[in-house]
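In this note's numbering, the protein residues as written are 39 to 203. The structure under discussion appears below in the form of structure tokens.
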Amino acid sequence: MFALLVALLAGAVVGVASGEGVFAQGARAEAALELRRETLFVISASGRHRFEVEIAETPRARARGLMYREALAPDAGMLFDFQEEREVAFWMKNTLIPLDMIFIEASGRVAHIARETEPLSEDLVPSRAVVRFVLEVPGGTAAQLGIVPGDVVQSDLIGSAGQPG
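Here it is as structure tokens:
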């Protein structure tokens with residue numbers, strides 16, 4: 039029931055699993071899930087910060103997220119596109135590294151940042167705002183680069199979000 043609730047809230051849930059056998063399965067599944075990539079920029083008072091991100095735009099990719107990854111390059115991340123504006127919530131189950139979750143409105147404006155989220159936690163991390171996108175980057179990145187709510191994220195995907203389809 040908990041997984042169903044989280045799925046409805048965030049579209050970012052995975053089945054409950056633990057143990058080395060599951061980790062190995064997760065690593066194989068990760069290799070099979072190839073995501074398109076894009077360059078994006080976060081514009082803050084400290085400058086224009088470039089990231090190479092994977093795009094999680096399907097329910098399967100959003101559910102998988104960055105789970106089972108043991109490392110993430112300082113300029114890498116994952117951009118989740120929920121295809122519509124809504125409140126979302128994430129959890130860190132099966133996520134091995136701390137992340138900063140940057141919650142982004144359809145316009146590209148940063149609405150909220152959850153900093154240094156706790157690896158393996160099942161606690162919900164809410165957007166605290168209506169958003170379309172979530173950018174996950176290595177934990178501590180937002181503080182290090184001075185990224186704060188009100189900053190702007192620019193990418194081809196975010197730029198096209200407001201365009202008529």
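For each residue, glycine too, the CB sits at the ideal point set by N, CA and C.
Should residue i go down as buried or exposed, given a rule of 16 or more other Cβ atoms within 10 Å for buried?
i       : result
Asp-194 : exposed
Asp-161 : exposed
Ala-111 : exposed
Ala-65  : Residue placement at Ala-65 cannot be trusted, given a pLDDT of 48 that sits under 50; what the coordinates show is reported in the next sentence. It counts as exposed.
Arg-124 : exposed
Ala-181 : exposed
Closer than 7 Å to a non-hydrogen atom of the ligand SAM - does that hold for the CB of residue i?
i       : result
Glu-154 : Ligands are entirely absent from the displayed structure, and the ligand SAM is therefore not among its contents.
Look at the Cβ atom of residue i, then the Cβ atom of residue j, and state whether they are nearer than 8 Å.
i       : j       : result
Glu-90  : Asp-119 : no
Val-172 : Ile-142 : yes
Ile-140 : Val-163 : no
Leu-117 : Ala-94  : yes
In this structure, does DSSP put residue i in helix, strand or coil?
i       : result
Pro-164 : strand
Gly-115 : strand
Leu-104 : coil
Ala-109 : coil
Leu-134 : coil
Ala-94  : strand
Ala-152 : strand
Measuring alpha carbon to alpha carbon, tell me which of the options ends up nearest residue i.
i       : options                            : result
Ser-145 : Asp-189, Arg-107, Ala-180, Ser-165 : Asp-189
Ala-109 : Pro-136, Arg-147, Ile-93           : Pro-136
Ser-82  : Ser-159, Leu-117, Val-186, Leu-104 : Val-186
Ile-27  : Ser-84, Ser-159, Arg-147, Glu-72   : Residue numbering for the chain in the displayed model covers 39 to 203; residue 27 lies beyond these limits and cannot be assessed.
Met-105 : Arg-170, Gln-192, Val-191, Thr-133 : Thr-133
Leu-183 : Arg-88, Glu-72, Val-126            : Arg-88
My assumption, with CB atoms under 8 Å, is that residue i sits in contact with residue j. Please give the rounded CB distance.
i       : j       : result
Arg-37  : Glu-92  : Outside the shown range of the chain, which is 39 to 203, sits residue 37, and nothing can be said about it.
Glu-122 : Arg-166 : In fact, because the Cβ distance is near 18 Å, the residues do not count as touching under 8 Å.
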